Amino acid sequence: MSDSNSTPTKVTDEVDVALVGAGIMSATLGAMLRQLEPGWSQVIFERLDGPALESSSPWNNAGTGHSALCELNYTPEKNGKVDITKAVNINEKFQVSRQFWSHQVEHGILPSPREFINPVPHVSFGRGADQVGYLKRRYEALKEHPLFPSMQFSDDREVFAEKLPLMAEGRDASEKVAISWTDAGTDINYGAQTRQFLAAAEKGGTEIRYGHEVKDISRDGSAWKITAKNVHTGDISTVRAKFVFVGAGGMALPLLQKAGIPEIRGYGGFPVSGQWLRCTNPELIEKHAAKVYGKASVGAPPMSVPHLDTRVIDGEKGLLFGPYAGWTPKFLKKGTVLDLFKSLRPANLPSMAGVGVQEMALTKYLITEVLKDQKARMEALREYMPTARDEDWELITAGQRVQVIKPAGLPKLGSLEFGTTLINNAEGSIAGLLGASPGASIAPAAMLELLERCFGDRMIAWGDQIREMVPSYGKKLSEDTKLFDEMWEYSTKTLQLDQ
259 MSDSNSTPTK VTDEVDVALV GAGIMSATLG AMLRQLEPGW SQVIFERLDG PALESSSPWN
319 NAGTGHSALC ELNYTPEKNG KVDITKAVNI NEKFQVSRQF WSHQVEHGIL PSPREFINPV
379 PHVSFGRGAD QVGYLKRRYE ALKEHPLFPS MQFSDDREVF AEKLPLMAEG RDASEKVAIS
439 WTDAGTDINY GAQTRQFLAA AEKGGTEIRY GHEVKDISRD GSAWKITAKN VHTGDISTVR
499 AKFVFVGAGG MALPLLQKAG IPEIRGYGGF PVSGQWLRCT NPELIEKHAA KVYGKASVGA
559 PPMSVPHLDT RVIDGEKGLL FGPYAGWTPK FLKKGTVLDL FKSLRPANLP SMAGVGVQEM
619 ALTKYLITEV LKDQKARMEA LREYMPTARD EDWELITAGQ RVQVIKPAGL PKLGSLEFGT
679 TLINNAEGSI AGLLGASPGA SIAPAAMLEL LERCFGDRMI AWGDQIREMV PSYGKKLSED
739 TKLFDEMWEY STKTLQLDQ
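The numbering used here runs 258 ahead of the 1-based position in the sequence shown.
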């Protein structure tokens, strides 16, 4: 019982599954578990007043169906040899996404695929002799690979102008340029996809508590006690859950710290914010139809690779350029400036300090980005679109990302991770997802890994249903061309990407 002067605490219920955050990760895991265990009760907590308002919002991420078709940071070059290992791995995971989404479309969970996924060519762009040479070598390394069908390359200015007229107009005729491209790319509105998932979840009996911020997660026997605050009334409620997934974006780190699981010990987070230039001129928007990725600046994090992007959001075509990295100690776009400082622990200070010393290039890059004014931002855009005019572009704030700082042994102490990291306790009763790109694109593959880690004793019983959701589960499509072709044709048709 609480005393009369404290905020009233209401013990409400017990659930099988509690999901923290109403974004694409929780929505994906919830959909999988509803199929595998329809009798399990689920509750979702979301601190904001609607779904997908943080990282999953279409204006807060690039919306690229990250499959490494055009993103050059996934194909690093060393001693003249392009390493495609990471690109193949990410592409494999994106094929899992396409299959799972197709299954959900067929079962009416995602009733309107064109609301969230649209075909948009993916293009890699190189300028100057070094980049053009690298792009050719990258193309040669990928063109015969079964997961990268129909890749093309050209260093011909006429082809460049035909494919990318906005990027060709006004460009110095003496500048060497090249592109490699495929028409098999996609643009994805993860906000629209999340809304469809959660609409089906509510119909299926999942309770979604918007405006409820999870303040604490603590052990309660074999289960977990989640303490949440109603942000409008101040009321505190608790829920006892057998399994908890923390899909709260940047706030996953501090919530897992509060849960006290040893697996989070030593982990830290480095927040990076972003901004986009958004085109306001409909004529320009119509003249560009591609996602064009270039090479990152030295020291830039992968999420800051410049790209000129066609977007399809709520039925409207748009055009973005960026992102421009910034810095704030917030862990969420709508977080507080105390987020970073509250996440500091004696156990993660060595990791944080170690990364601070090692990543001086990143620190320098971020300082340079933060100091950029509109003139400097437009100069960066003109490297892609030489005739860009200030009056055709507006600056918008993108989402907040928290890069994972992983504990490491001497002499490094800590390492800065640019991917997506899954953390779970030994018994598999709580898990959370840290990190950023490729993030939402590989949500189904990440959640299948979570199921394997946390529900290993059920995987055999679930096997047939999982293979129904993801027919290639347990196989590598890169090693089974026939199956890849079948899955590609199936998902292309089901997701209406052939229309």
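Ideal Cβ placement from N, Cα and C applies to all residues, glycine included.
This one's a predicted model, so the numbers in the text were calculated from it and none came from an experiment.
Quick one: grab the DSSP three-state call for residue i.
i, result
"LEU277", "strand"
"VAL728", "coil"
"ARG415", "helix"
"ALA638", "helix"
"TRP298", "coil"
"TYR551", "strand"
"HIS380", "strand"
"LEU578", "strand"
"PRO665", "strand"
"LYS591", "coil"
"ARG396", "helix"
"ARG523", "coil"
"ARG429", "coil"
"LYS734", "coil"
Between residue i and residue j, what straight-line distance do the alpha-carbon atoms span, to the nearest angstrom?
i, j, result
"THR286", "TRP482", "21 Å"
"ASP388", "ALA506", "41 Å"
"GLU465", "LEU753", "28 Å"
"GLU747", "PHE599", "49 Å"
"LYS664", "ILE681", "11 Å"
"ASP341", "GLY612", "27 Å"
"GLU364", "ALA458", "13 Å"
"ARG711", "VAL354", "18 Å"
"GLY657", "TRP317", "8 Å"
"VAL563", "SER412", "21 Å"
"PHE445", "LEU624", "Sequence check: residue 445 is Asp here, not Phe. Roughly 27 Å between the two C-alpha positions."
"LEU566", "TRP534", "10 Å"
"ALA703", "GLU685", "21 Å"
"LYS351", "VAL381", "20 Å"
"GLN723", "GLU295", "10 Å"
Taking DSSP's pairing of strands, which residues face residue i in a bridge?
i, result
"SER531", "GLY584"
"GLY693", "THR678"
"ASN539", "In DSSP, ASN539 forms no bridge with anything."
"PHE352", "Answer is none; PHE352 lacks a bridge partner."
"GLU652", "ARG536"
"ILE437", "PHE383 and SER412"
"TYR468", "GLU304"
"ARG569", "GLY576"
Determine whether the beta carbon atoms of residue i and residue j lie at a separation below 8 Å.
i, j, result
"ILE484", "LYS516", "no"
"ALA276", "ALA310", "no"
"GLU312", "LYS487", "no"
"MET727", "MET283", "no"
"ALA548", "VAL378", "yes"
"ARG659", "VAL530", "yes"
"GLY443", "CYS328", "yes"
"GLU304", "HIS546", "no"
"HIS768", "VAL472", "Lying outside 259 to 757, the shown extent of the chain, residue 768 is not represented and no answer is given."
Going by beta carbon distance, what residues of the same chain come within less than 7 Å of residue i, once the five residues before and after it are set aside?
i, result
"TYR392", "GLU335 and GLY384"
"SER314", "GLY281, ILE282, TYR448, GLY449, THR452 and ALA698"
"GLU460", "ILE466"
"ASN683", "ILE519 and GLU521"
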